[in-house]
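Peer 1:
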Amino acid sequence: MFVPFDTLPEESKIWIYQSNRKFSDEEIQEIEKDLTSFLENWTAHGQHLEASFVTRYNRFIIIAVNQEVQAATGCSIDASVQFIQNLEQKYNVDLLDKMNVTFKVGDHVAFKPLIEFKKMAKEKAVSENTIVFNNLLNTVGEWQDFWEVPASESWHNRFF
124 MFVPFDTLPE ESKIWIYQSN RKFSDEEIQE IEKDLTSFLE NWTAHGQHLE ASFVTRYNRF
184 IIIAVNQEVQ AATGCSIDAS VQFIQNLEQK YNVDLLDKMN VTFKVGDHVA FKPLIEFKKM
244 AKEKAVSENT IVFNNLLNTV GEWQDFWEVP ASESWHNRFF
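Taking my numbering, the leading residue of the sequence shown gets 124, the next gets one more, and so forth.
#1: Along the chain, which unbroken stretches of the alpha helix (DSSP H) at least 4 residues long are found entirely within the region 163–223?
#2: Can you give the Cα-Cα distance for PHE282 and LYS245, rounded to whole angstroms?
#3: How big is the Cα-Cα spacing for ILE154 and ILE238?
#4: For LYS235, which residues does DSSP report across the bridge?
#5: Can you list, in chain order, the residues of its chain whose CB lies under 8 Å from that of ASP148, leaving out five sequence neighbours each side?
#6: Tell me the DSSP secondary structure of THR159 in three-state form.
#7: Check whether the Cβ atoms of GLU191 and PRO132 lie closer than 8 Å to each other.
#8: Assuming THR196 contacts PHE226 (C-beta within less than 8 Å), just tell me the rounded distance between them.
#9: Between LEU158, GLU211 and LEU210, which has its C-alpha nearest ILE186's C-alpha?
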(Lines of atoms letter the chains of each structure in order from A and count residues from 1; the text may use other names and numbers.)
(Lines give C-alpha, C1' and ligand atoms only; values in the text may rest on other atoms or scores of the structure.)
Protein backbone atom coordinates (compact mmCIF):
# COMPACT_ATOMS: atom_id res chain seq x y z
CA MET A 1 0.00 0.00 0.00
CA PHE A 2 1.55 3.24 -1.15
CA VAL A 3 1.58 6.04 1.44
CA PRO A 4 3.11 9.53 1.44
CA PHE A 5 6.82 9.31 2.31
CA ASP A 6 6.60 11.89 5.09
CA THR A 7 4.02 9.75 6.95
CA LEU A 8 6.46 6.87 7.48
CA PRO A 9 8.03 6.55 10.94
CA GLU A 10 11.75 7.23 11.31
CA GLU A 11 12.35 3.52 12.01
CA SER A 12 11.11 2.55 8.53
CA LYS A 13 13.58 0.45 6.53
CA ILE A 14 15.07 2.12 3.45
CA TRP A 15 16.98 1.10 0.37
CA ILE A 16 18.91 3.77 -1.52
CA TYR A 17 19.68 3.32 -5.20
CA GLN A 18 21.95 5.76 -7.01
CA SER A 19 22.11 6.04 -10.75
CA ASN A 20 25.37 6.30 -12.64
CA ARG A 21 23.80 9.12 -14.64
CA LYS A 22 21.25 11.84 -14.08
CA PHE A 23 17.72 10.97 -15.19
CA SER A 24 15.81 13.45 -17.34
CA ASP A 25 12.71 15.06 -15.80
CA GLU A 26 10.57 12.93 -18.13
CA GLU A 27 12.33 9.75 -17.00
CA ILE A 28 11.81 10.69 -13.34
CA GLN A 29 8.09 11.20 -13.99
CA GLU A 30 7.87 7.73 -15.58
CA ILE A 31 9.93 6.14 -12.80
CA GLU A 32 7.78 7.76 -10.11
CA LYS A 33 4.59 6.54 -11.82
CA ASP A 34 6.03 2.99 -12.06
CA LEU A 35 7.23 3.08 -8.44
CA THR A 36 3.82 4.20 -7.18
CA SER A 37 2.19 1.34 -9.08
CA PHE A 38 4.75 -1.20 -7.80
CA LEU A 39 4.46 -0.07 -4.18
CA GLU A 40 0.67 0.04 -4.35
CA ASN A 41 0.75 -3.74 -4.93
CA TRP A 42 3.91 -4.71 -2.98
CA THR A 43 3.22 -7.50 -0.52
CA ALA A 44 4.98 -9.82 1.93
CA HIS A 45 3.29 -13.17 2.58
CA GLY A 46 0.11 -11.82 1.02
CA GLN A 47 0.02 -8.75 3.28
CA HIS A 48 0.34 -5.29 1.74
CA LEU A 49 3.46 -3.39 2.74
CA GLU A 50 3.06 0.20 3.87
CA ALA A 51 5.67 1.70 1.59
CA SER A 52 6.75 4.82 -0.19
CA PHE A 53 9.61 6.39 -2.10
CA VAL A 54 11.29 9.66 -2.90
CA THR A 55 13.58 10.62 -5.75
CA ARG A 56 16.33 13.16 -5.26
CA TYR A 57 18.61 15.10 -7.60
CA ASN A 58 17.20 13.13 -10.59
CA ARG A 59 19.73 10.49 -9.57
CA PHE A 60 18.56 8.73 -6.39
CA ILE A 61 15.62 6.43 -5.71
CA ILE A 62 14.89 5.85 -2.03
CA ILE A 63 12.33 3.16 -1.20
CA ALA A 64 11.02 2.83 2.35
CA VAL A 65 8.75 0.38 4.16
CA ASN A 66 7.12 0.69 7.56
CA GLN A 67 8.26 -2.55 9.18
CA GLU A 68 6.00 -1.94 12.20
CA VAL A 69 2.94 -2.64 10.01
CA GLN A 70 4.40 -5.54 8.02
CA ALA A 71 8.07 -6.42 7.60
CA ALA A 72 9.54 -6.86 4.15
CA THR A 73 10.59 -10.48 3.66
CA GLY A 74 13.04 -12.24 1.38
CA CYS A 75 10.50 -12.65 -1.42
CA SER A 76 9.25 -9.07 -1.18
CA ILE A 77 12.80 -7.71 -1.14
CA ASP A 78 13.59 -9.89 -4.17
CA ALA A 79 10.57 -8.39 -5.93
CA SER A 80 11.81 -4.86 -5.25
CA VAL A 81 15.30 -5.73 -6.54
CA GLN A 82 13.70 -7.20 -9.67
CA PHE A 83 11.80 -3.93 -10.09
CA ILE A 84 15.07 -1.97 -9.81
CA GLN A 85 16.76 -4.33 -12.29
CA ASN A 86 13.91 -3.69 -14.72
CA LEU A 87 14.52 0.06 -14.34
CA GLU A 88 18.21 -0.53 -15.05
CA GLN A 89 17.37 -2.27 -18.31
CA LYS A 90 14.65 0.16 -19.36
CA TYR A 91 16.81 3.26 -18.81
CA ASN A 92 20.23 1.73 -19.47
CA VAL A 93 21.59 2.75 -16.06
CA ASP A 94 23.35 1.14 -13.12
CA LEU A 95 21.40 1.37 -9.85
CA LEU A 96 22.79 -1.57 -7.88
CA ASP A 97 26.57 -1.08 -7.94
CA LYS A 98 27.58 0.02 -4.45
CA MET A 99 31.19 0.58 -5.54
CA ASN A 100 30.43 4.08 -6.81
CA VAL A 101 30.51 7.41 -4.99
CA THR A 102 28.19 10.35 -5.47
CA PHE A 103 29.24 13.68 -4.01
CA LYS A 104 28.69 17.40 -4.36
CA VAL A 105 30.95 19.81 -6.17
CA GLY A 106 29.31 23.12 -5.31
CA ASP A 107 25.69 22.72 -6.41
CA HIS A 108 26.57 19.98 -8.90
CA VAL A 109 26.10 16.31 -8.01
CA ALA A 110 29.07 14.28 -9.28
CA PHE A 111 29.40 10.53 -9.69
CA LYS A 112 32.64 8.52 -9.81
CA PRO A 113 33.66 4.90 -9.48
CA LEU A 114 35.15 4.29 -6.03
CA ILE A 115 38.66 3.88 -7.41
CA GLU A 116 38.48 7.32 -9.06
CA PHE A 117 37.12 8.91 -5.88
CA LYS A 118 40.05 7.43 -3.93
CA LYS A 119 42.44 8.89 -6.51
CA MET A 120 40.72 12.29 -6.24
CA ALA A 121 41.14 12.18 -2.45
CA LYS A 122 44.82 11.35 -2.80
CA GLU A 123 45.26 14.25 -5.25
CA LYS A 124 43.26 16.51 -2.89
CA ALA A 125 40.60 17.15 -5.58
CA VAL A 126 38.07 16.24 -2.85
CA SER A 127 38.50 16.70 0.88
CA GLU A 128 37.14 15.58 4.21
CA ASN A 129 34.69 18.48 3.88
CA THR A 130 33.32 17.32 0.52
CA ILE A 131 29.63 16.52 0.89
CA VAL A 132 29.04 12.86 0.05
CA PHE A 133 25.89 10.76 -0.13
CA ASN A 134 26.01 7.93 2.40
CA ASN A 135 23.86 5.27 0.76
CA LEU A 136 24.56 2.62 3.41
CA LEU A 137 21.91 3.92 5.81
CA ASN A 138 19.11 1.66 7.04
CA THR A 139 16.23 3.83 8.24
CA VAL A 140 14.30 6.92 7.23
CA GLY A 141 15.61 8.70 10.35
CA GLU A 142 19.22 7.93 9.48
CA TRP A 143 18.57 9.08 5.91
CA GLN A 144 17.09 12.37 7.12
CA ASP A 145 20.07 13.09 9.40
CA PHE A 146 23.11 11.43 7.81
CA TRP A 147 22.60 11.04 4.04
CA GLU A 148 24.30 14.23 2.86
CA VAL A 149 27.31 14.63 5.12
CA PRO A 150 30.95 15.70 4.98
CA ALA A 151 33.15 12.78 3.89
CA SER A 152 34.79 12.89 7.34
CA GLU A 153 31.45 11.81 8.88
CA SER A 154 30.80 8.81 6.63
CA TRP A 155 32.45 5.60 5.52
CA HIS A 156 34.28 7.70 2.89
CA ASN A 157 36.56 9.07 5.65
CA ARG A 158 38.98 6.16 5.15
CA PHE A 159 40.27 7.86 2.00
CA PHE A 160 41.58 10.96 3.80
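For every residue, glycine included, the Cβ atom is placed at its ideal position computed from N, Cα and C.
Peer 2: With the structure as the only source:
#1: 197–214
#2: 7 Å
#3: 29 Å
#4: VAL224
#5: ASN181
#6: helix
#7: yes
#8: That pair is no contact at about 34 Å.
#9: LEU158
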